[in-house]
Amino acid sequence: MFSEKSFDLTGKVALVTGGSYGIGFAIAQGLAKFGAKITFNDINQELVDKGLAAYKEEGIAANGYVADVTNEDQINELVKKIESDVGPIDILVNNAGIIKRIPMHEMSADEFRQVIDVDLNAPFICAKAVLPSMMKRKSGKIINICSMMSELGRETVSAYAAAKGGLKMLTRNIASEYAEYNIQCNGIGPGYIETPQTAPLRTPDHPFNKFIISKTPAARWGLTDDLMGPAVFLASSASDFINGHVLYVDGGILAYIGKMPK
Ligand code: NAP
Ligand code: GCO
-4 MFSEKSFDLT GKVALVTGGS YGIGFAIAQG LAKFGAKITF NDINQELVDK
46 GLAAYKEEGI AANGYVADVT NEDQINELVK KIESDVGPID ILVNNAGIIK
96 RIPMHEMSAD EFRQVIDVDL NAPFICAKAV LPSMMKRKSG KIINICSMMS
146 ELGRETVSAY AAAKGGLKML TRNIASEYAE YNIQCNGIGP GYIETPQTAP
196 LRTPDHPFNK FIISKTPAAR WGLTDDLMGP AVFLASSASD FINGHVLYVD
246 GGILAYIGKM PK
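So this is what it looks like as structure tokens:
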């Protein structure tokens, strides 16, 4: 029955991959505000320590672990460790990601593979690692962090767009295959958000800055705070009948042809 409790995440264990800073950190903060126990991983101890300090600063007693999301053994170990330290994972946020902005004809196959590995293969590895326990408990939420590039292309981001387009379909397939276990898998598609990943595009003289403002009806870059509510919604029982959906948090970019230049 729907009530304000429908958004309550008390007692739920969340794993946010790449959650030391940026979008992952913000999403973890939002989940914690609604009662979730936060665990996160990052690629090295320095980042994990940075994340732990940042969570502590926010009054969040998070558990942080070093694990490379592209390494299946490390992720299987991570899931086991979290289950013994905190409890079985109820909410997985596949957030860790990289981007390489290189014109495709200049991109090496290895560079292409690296992006696919982190942005598409890793969400598969992490989802596969948490599914057995969720299936046993007949309950689970998987949230894949997609992108505008799950729907649109642009110069220099061929690998990233291919990965994020694939991630949209992986989201739909997990939803299709595991709904019978009361597992919901949805995506969040952030627009252009102020994080270290987009910092190179936001330098004052970078033409991309004005371009994004002209393509966004909200006429601003997104903030990581803008993603907290959508993440809480998709992690909670309020969204139990939503499955395979990508919720775009883009200020209206996908709905808009773009402002006519004056
Ligand atoms: P970010 O600032 O680059 O943070 C990504 C996090 O993932 C970092 O902590 C990064 O660690 C970690 N990571 C990268 N590779 C990893 C690996 N192999 N194992 C474990 N952790 C790894 O990115 P963000 O802007 O917060 O984006 C987070 C997610 O949102 C990504 O999936 C991104 O594609 C997506 N997204 C971002 C935007 C945007 O506008 N910012 C919009 C749409 C979607 P390192 O510091 O070592 O790289
Ligand atoms: C880029 C940006 C985007 C954002 C995001 C948009 O170079 O176009 O980095 O890819 O990161 O994915 O949703």
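Heads up: the sequence shown begins at -4 in my numbering, then just goes up one per residue.
We put the CB at the ideal spot given by N, CA and C, even for glycine.
As the structure is a computational prediction, the values presented were derived from the model and not from experiment.
Note: Ala9 is bridge-paired with Ile33 and Ile86 in the DSSP secondary-structure output. A buried status is given to Gln179, since no fewer than 16 other beta-carbon atoms sit within 10 Å of its beta-carbon. In terms of CA proximity to Glu52, Phe20 leads the group Lys75, Asn39, Phe20 and Val74. Between Ile93 and Val113, the gap from beta carbon to beta carbon is short of 8 Å.
In the displayed model, Val43 falls within a helix according to three-state DSSP. Cβ neighbours of Pro191 within its own chain (closer than 8 Å, five residues either side excluded): Tyr16 and Gly17. Per DSSP, the beta bridge partners of Gln179 are Lys136. C-alpha of Pro256 to C-alpha of Ala91: approximately 36 Å in a straight line. Apart from the 5 residues on each side of it in sequence, Tyr176 sits with its Cβ closer than 6 Å to the Cβ of Met130 and Lys133 in its chain, given in chain order. Of all C-beta pairs linking the stretch 181 to 200 to the stretch 241 to 253, three or more are shorter than 8 Å, placing the two stretches in contact. Inclusion of Gly25 and Val227 in the CB contact set at 8 Å is warranted, their separation being smaller than that value.
DSSP places Ile237 outside both helix and strand once states are collapsed to three, so it counts as coil.
Taking C-beta separations shorter than 6 Å and ignoring five residues to either side along the sequence, the partners of Asp85 in its chain run Lys7 and Val8, following chain order.
Under DSSP, the beta-bridge partners assigned to Gly59 are Phe35. For Leu47, the CB contacts under 8 Å within the same chain, skipping 5 residues up- and downstream, are Ala57 and Gly59 in chain order. With a minimum length of 3 residues, the unbroken runs of beta strand (DSSP E) contained wholly in the stretch 151 to 214 fall at 178 to 185.
If you ignore the 5 residues before and after Ala27, its C-beta comes within less than 7 Å of the C-beta of Ile33 and Ile55, all in its own chain and listed in chain order. Under the criterion of beta carbons closer than 8 Å, Leu87 and Val125 qualify as touching, at roughly 5 Å. For Asp221, there is no enclosing alpha helix (DSSP H), as DSSP gives it neither H nor E.
Val64 sits in coil when the DSSP states are folded into three classes, being neither helix nor strand. Sequence-distant partners of Ile208 (beyond 5 residues in either direction) whose C-beta falls short of 6 Å from its own C-beta, in its chain, are Ala214. Per DSSP, Glu146 is not a residue of any alpha helix (DSSP H), being assigned neither H nor E.
Counting along the chain, the unbroken alpha helix (DSSP H) around Arg108 starts and ends at Ala104 to Ile111. For Ala27, the enclosing alpha helix (DSSP H) stretches over residues Gly17 to Lys28.
Met99 and Leu147 have their C-alpha atoms spaced approximately 16 Å apart. Taking C-beta separations shorter than 6 Å and ignoring five residues to either side along the sequence, the partners of Phe107 in its chain run Ala154, following chain order. Residues Val61 of the same chain have their beta carbon placed closer than 8 Å to that of Gln40, with the five preceding and five following residues left out of the count. Between Leu4 and Ala23, the CB-CB gap reaches or exceeds 8 Å.
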